[in-house]
Amino acid sequence: MMRLASKVLLLWLMVSLPAGAEQSVRDDDIVIHYSAMTTADLTPDIAKALDVTRSRKRALVVIHAQHLDGANRVSKLADVQGRTRNLVSQRRELRFRAVKDGGTDYAIAVVPVANLETLIFDLEVRVEGHTRAVPIQFRQQFYHEETTLPSTRHS
12 MMRLASKVLL
22 LWLMVSLPAG
32 AEQSVRDDDI
42 VIHYSAMTTA
52 DLTPDIAKAL
62 DVTRSRKRAL
72 VVIHAQHLDG
82 ANRVSKLADV
92 QGRTRNLVSQ
102 RRELRFRAVK
112 DGGTDYAIAV
122 VPVANLETLI
132 FDLEVRVEGH
142 TRAVPIQFRQ
152 QFYHEETTLP
162 STRHS
């Protein structure tokens, strides 16, 4: 189940980004992909497999590092340290944990978010076999769509 869930997560991350908005950083032969979304955007199966509570008030940060080897990309373990800050400089430390799925490695963290809150992510990524840490900074605004689920009651 975990293997399928993380493959679905990777696919979801790739197709959920707007065209031309690939979120990645390259440092020599290392590419680091990053993304953040509310945990409510995860399917129940993926949330369960990742041991993450689905909520509009929590964001999931996903880091995936790859080593470029010619035309091949090899997933690499990444040790990620980081923090967020909002637009009034309130800071939160992020606690990343590793998720391994066969040959694919991720680092994930969960952080609370408010509706329309913009967070600035300051990360330092140390990739297995790479000589230096790779800094990543990105900004993302989170929205809480206050929709209700369809009723299951029948008249």
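Position in the sequence shown counted from 1, then plus 11, gives you the working numbering. Glycine included, C-beta positions come from ideal geometry on N, C-alpha and C.
**Asked** Is there contact between the region 31-45 and the region 78-90, where contact requires at least three CB pairs shorter than 8 angstroms?
**Response** Here the region 31-45 lies against the region 78-90, with 3 or more beta-carbon pairs under 8 angstroms apart.
**Beta bridge counterpart(s) of residue 78 as assigned by DSSP** = Partner residues in the beta bridge of residue 78, as assigned by DSSP, are 41, 85.
**Asked** So residue 130 packs on residue 136, CB below 8 angstroms; how close in whole Å?
**Response** Contact flag wrong, Cβ pair sits at about 17 angstroms.
**Start-to-end residues for the beta strand (DSSP E) that takes in residue 134** = Per DSSP, residue 134 belongs to the beta strand (DSSP E) from 129-138.
**Request:** Classify residue 79 as buried or exposed, calling it buried when 16 or more other Cβ atoms lie within 10 Å of its own Cβ.
**Result:** Exposed, since its Cβ has fewer than 16 Cβ neighbours within 10 Å.
**Message:** Within the continuous alpha helix (DSSP H) that includes residue 61, where are the two ends?
**Reply:** Its alpha helix (DSSP H) spans residues 55-61.
**Classification of residue 113 by the beta-carbon crowding that lies within 10 angstroms, buried from 16 upward** = By the 10 Å Cβ count, residue 113 comes out exposed.
**Prompt:** Below 8 angstroms between beta carbons: does that hold for residue 121 and residue 63?
**Reply:** When the beta-carbon positions are compared, residue 121 and residue 63 come within less than 8 angstroms of each other.
**Message:** Can you tell me whether residue 125 is helix, strand or coil according to DSSP?
**Reply:** If DSSP states are grouped into helix, strand and coil, residue 125 belongs with coil.
**Request:** Give the range of the beta strand (DSSP E) segment to which residue 52 is assigned.
**Result:** Looking at the DSSP string, residue 52 is not in any beta strand (DSSP E), and its letter there is neither H nor E.
**Request:** State the start and end residues of the unbroken beta strand (DSSP E) segment that holds residue 105.
**Result:** DSSP places residue 105 in the uninterrupted beta strand (DSSP E) bounded by 102-106.
**Prompt:** Whose CA, out of 150, 57, 141, 104, lies closest to the CA of residue 85?
**Reply:** Checking every option, the nearest Cα to that of residue 85 belongs to 141.
**Request:** Sort 104, 150, 148, 139 by Cα distance to residue 76 and report the nearest one.
**Result:** The shortest Cα separation from residue 76 among 104, 150, 148, 139 belongs to 139.
**Item:** Classification of residue 154 by the beta-carbon crowding that lies within 10 angstroms, buried from 16 upward
**Value:** Counting Cβ neighbours within 10 Å, residue 154 comes out exposed, since fewer than 16 surround it.
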